[in-house]
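Numbering (the numbering used here), first residue to last: 5 to 283. Each residue gets a CB set at the ideal place from its N, CA and C atoms; glycine is no exception. No experiment lies behind these values; they were computed from the predicted model shown. Everything on this sheet refers to the single structure shown next.
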Ligand SMILES: C[S@@+](CC[C@H](N)C(=O)[O-])C[C@H]1O[C@@H](n2cnc3c(N)ncnc32)[C@H](O)[C@@H]1O
């Protein structure tokens, strides 16, 4: 039995995946990387394709519901122009319920950034790595008016909505340029320079894709501080020993880098500030 050439399998897989409704706007680098990594591990391409589909679901689809951000951009822009911060927050809070990671954080928003920035200092240039809907929390961050907020995400529709959101808040890049990028941070790590990066609830997902990648990514980010967080319960709601497990695993991962690791006490999320300047 002869199998098709790996490059043909990869390109056919990418074409088929992005032709589906579920993955029509996923970053193609992600799809290509997942199948290219799976192929050498299986004898039959069919099995690699099945494994790659399962992996794609865990990487992206498992987290996404429908987002209605686009429908509310005018309302957000209007409330922002009118200086009605409470209205902006009320809309964002409602929208954040569409994404598991931000939904779990809604009750913490009032103190989350106050407590985190008390440790790291307030940033002026932020990198939000694998952001999901996290930029919708900007109204709670108390950032300066001239903050530059870069973000990276593999879901095209969400990237467009978030660029619209930054524009609505008057935070788009120079000449209205997009600061949220359709970018797979494993295939293309961010190169922008900043003060602080958020790497929120992403380490387990990154490590499942490529062992050791989380620390390599933290190391490569051109920032002094990285806020790394972990979920304290699984998407299915199980929480047994997860905080202890992740706290120990992360301490082992960063061991030897000379970074200062400070845990920021928070209910509902395990939060670390990694200060790389001490290295
Ligand atoms: C677990 S959620 C975390 C979202 C956000 N950081 C938070 O805590 O609210 C994972 C998000 O990262 C995106 N994602 C997964 N892998 C990625 C990658 N390699 N590069 C960029 N984004 C990625 C997914 O599409 C999803 O929106």
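- Query: Under three-state DSSP, which class holds residue 6?
  - Reply: coil
- Go ahead and pull the three-state DSSP assignment for residue 33. helix
- Between which two residues does the beta strand (DSSP E) carrying residue 259 extend? From DSSP, residue 259 is part of no beta strand (DSSP E); its letter is neither H nor E.
- Message: Do residue 184 and residue 203 have their beta-carbon atoms positioned less than 8 Å apart in this structure?
- Response: no
- Message: With three or more C-beta pairs closer than 8 Å as the rule, is the segment 175-182 touching the segment 31-50?
- Response: no
- Task: Return the chain-ordered ranges of every alpha helix (DSSP H) run that is complete within the segment 158-233 and spans a minimum of 4 residues.
- Result: 160-172, 207-213 and 217-224
- Under a three-way DSSP split, which group does residue 245 fall into? coil
- Using a beta-carbon distance below 8 Å, is residue 51 in contact with chain C? Protein chains in the displayed structure number just one, and chain C is not present.
- Item | Residue closest to residue 76, alpha-carbon to alpha-carbon, out of 170, 187 and 191 | 170
- Message: My output table needs one value for residue 235: the three-state DSSP class, helix, strand or coil.
- Response: strand
- Look at the alpha carbon of residue 253 and the alpha carbon of residue 246, and state the distance between them as a whole number of angstroms. 10 Å
- Would you list the residues sitting across from residue 279 in a DSSP beta bridge? 229 and 264
- By DSSP, does residue 273 sit in helix, in strand, or in coil? strand
- Three or more C-beta pairs closer than 8 Å, one from the segment 124-136 and one from the segment 191-211: is that the case here? yes
- Helix, strand or coil for residue 103 per DSSP? strand
- Item | Cα-Cα separation, residue 63 to residue 209 | 6 Å
- beta strand (DSSP E) segment containing residue 132, residue limits: 129-133
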